[in-house]
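FYI, the numbering for the sequence shown is 48 to 271, going by the numbering used here. The beta carbon of each residue, even a glycine, is placed where N, CA and C say it ideally should be.
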Amino acid sequence: MRIDIITIFPEMFKSILNESILKRAQEKKKVVIRLHNLRDYTTDKHKKVDDRPFGGGPGMVMTPQPFFDALKKIKGKRKAKVILMCPSGKTFTQKYAKNLAKNKNLIILCGHYEGIDERVREKLVDESVSIGDYVLTGGELPALVVVDCLTRLIPGVLGKEISLKDESFENGLLEYPQYTRPANFRGIKVPNVLLSGNHRDIEEWRKQESMKKTKKYRPDLLKK
Ligand code: ADE
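As structure tokens, this is what we get:
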């Protein structure tokens, strides 16, 4: 998978992309992530990428020109899905992530200020994506959330010891509680069934705990 990110703050990405699983996935060439500074594509002599909104109102709007020119150069003749990070987009979920992960080429545009000139969304963007019903200062953190989530879905990125199958949201439920050594930590004991060695009992216990946890913390998931 190749992911191109168009942003006015490329530095915001570097520390996160250069640690842990995201770093290893790039080293193993499972994913190629390229950062592009939107300002490099503006024709404005002061490197401006925003302007006042037509019709008045507070804040600034990102101008279309740098996005059109950046995308023309970065996308070229490749087939790529273009997504725009913005709070009014479709909500990002595990299911949505799995669908996006099917694309070999993804281009992420990071919005800012009061928004982006609507012609960018109309002519360049395939899907607008929100990571939740709250407003952040820009699309950079949301883009990192999407990149992180997609990268771990790429086959070979997670070690085989880590299973995607049992984790939260995979079956519409939250994951069951996990424990590790010691079995008795300062008097707080691990449930006996997990020490029993009886795999059928353990599976049953996990199913029940998964259901209990979902009922308690995310009853909305059960309704779905
Ligand atoms: N930009 C600002 N807030 C956002 C959100 N919640 N999701 C995606 N992009 C955003």
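The Cβ neighbour count for Ile-154, taken over all protein chains shown within 10 Å, is at least 16; the residue is labelled buried.
Three or more beta-carbon pairs separated by less than 8 Å are not found between the segment 241-249 and the segment 159-170, which leaves the two stretches without contact. Taken atom to atom, the span from the alpha-carbon of Thr-90 to that of Thr-54 is near 16 Å. For the pair Ile-52 and Gly-179, the Cα-to-Cα distance works out to about 20 Å. The bridge partners DSSP lists for Arg-81 are Asp-51. If only complete runs of 4 or more residues are kept, the segment 99-182 shows the alpha helix (DSSP H) at 111-122, 141-147, 165-171, in order along the chain. Membership of Gln-255 in the alpha helix (DSSP H) is indicated by the continuous run 246-264. Assignment of Phe-56 by DSSP, reduced to helix, strand and coil, places it in the coil class. A residue is called buried once 16 or more other Cβ atoms fall within 10 Å of its Cβ, and Tyr-223 is buried on that count.
In chain order, Met-132, Cys-133, Pro-134, Ser-135, Gly-136, Lys-137, Thr-138, Phe-139, Pro-189 place their CB closer than 8 Å to the CB of Ser-177, counting only its own chain and leaving out the 5 sequence neighbours on each side.
Under the criterion of beta carbons closer than 8 Å, Ile-80 and Gln-73 qualify as touching, at roughly 6 Å. If you check the CB distance, Glu-161 and Gly-106 come in under 9 Å.
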